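Peer 1:
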Amino acid sequence: MSNEIPSEVRRSVNDRDEMRCQVCGAIGSELQHRMRRREGGHRKSNLIRVCSTDHRTIHAQPAWALERGYTVSAVMDADPSQIAVHSYRGWVLYDDAGGFQVIAPRTVSVADLPAYLPFPVVPEG
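Below you can see the structure in the form of structure tokens.
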């Protein structure tokens, strides 16, 4: 897998995210792969626009980032399009067509989020 994000994917993600950091809403200068490139590739659901401050925080605080959907664990065999992101817009699902759906207000806790998901959640274990 190339490290270079295809220009069509980059444009689509920039348009979807309106060049804003999906964490805080400020101008987003960087793209974050939610799942490592080798597992998630350059899928649109795997990329979010972030500011440099939040990008550093995502990498410095992996548990915090995972809980909020800014990163996705390959160990869980997860699909980024089914992992909600705690965005400045609210809890958001991103799709591979370049779209998004706000599924819950930003104020909803991680514990209460499954009630808002548009698909069933299979309990771990």
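Numbering (our numbering), first residue to last: -8 to 116.
Don't be surprised by glycine CBs; every beta carbon is placed ideally from N, CA and C.
As the structure is a computational prediction, the values presented were derived from the model and not from experiment.
1) In whole angstroms, what separates the C-alpha of Arg59 from that of Glu(-1)?
2) Return the chain-ordered ranges of every alpha helix (DSSP H) run that is complete within the segment 20 to 73 and spans a minimum of 4 residues.
3) Could you give the distance in angstroms between the alpha-carbon of Leu104 and the alpha-carbon of Pro71?
4) Where does Ala95 fall in DSSP's three states?
5) Alpha carbons only, please: which of Met67, Asp45 and Asp68 is nearest the one belonging to Asp61?
6) Can you look up Leu104 in the DSSP assignment and give me helix, strand or coil?
7) Flag Gln23 as yes when its Cβ comes closer than 7 Å to any non-hydrogen atom of the ligand SAM, and as no otherwise.
8) How is the beta strand (DSSP E) around Val76 delimited, first residue to last?
9) Quick check on Ile18: buried or exposed, where buried means 16 or more other Cβ atoms within 10 Å of its Cβ?
10) Between the C-alpha atoms of Val43 and Gly16, what's the straight-line distance to the nearest angstrom?
11) CB-CB under 7 Å to Val63, same chain, minus the five flanking residues each way: which ones, in chain order?
12) In this structure, does DSSP put Val0 in helix, strand or coil?
Peer 2: Quick look at the numbers:
1) As a first step, residue 59 is located in the sequence shown; it is residue number 68 there, counting from the start. As a first step, residue -1 is located in the sequence shown; it is residue number 8 there, counting from the start. Distance between the alpha carbons of Arg59 and Glu(-1) is about 27 Å.
2) 28 to 31, 43 to 51 and 53 to 58
3) Translated into positions along the sequence shown, residue 104 becomes position 113. Translated into positions along the sequence shown, residue 71 becomes position 80. Rounded to the nearest angstrom, the two C-alpha atoms are 16 Å apart.
4) What you label residue 95 is simply residue 104 of the sequence shown in a count that begins at 1. Looking at Ala95 - three-state DSSP - the assignment turns out to be strand.
5) In the sequence shown, the residue the question calls residue 61 occupies position 70. Per the sequence shown, the amino acid found at residue 61 is Tyr instead of Asp. Here the closest residue by C-alpha is Asp45.
6) Locating residue 104 in the sequence shown gives position 113, where the first residue counts as 1. Correct three-state label for Leu104: helix.
7) Annotation note on the ligand SAM: not contained in the displayed structure, which lists no ligands.
8) Taking the first residue of the sequence shown as position 1, residue 76 is located at position 85. From DSSP, the beta strand (DSSP E) with Val76 extends over Val76 to Ser78.
9) The residue labelled residue 18 in the question sits at position 27 within the sequence shown. Flag for Ile18 reads exposed.
10) For the purposes of this step, residue 43 is identified with residue 52 of the sequence shown, where counting begins at 1. For the purposes of this step, residue 16 is identified with residue 25 of the sequence shown, where counting begins at 1. This sequence places Ser at residue 43; Val is not what is there. When rounded, the distance between both Cα atoms is 12 Å.
11) By one-based count along the sequence shown, residue 63 stands at place 72. If we look at Val63 and ignore the five residues flanking it on each side, its Cβ neighbours are Arg25, Met26, Gly31, Ala69, Pro71 and Ile74.
12) Within the sequence shown, numbered from 1, the residue matching residue 0 stands at position 9. Helix.
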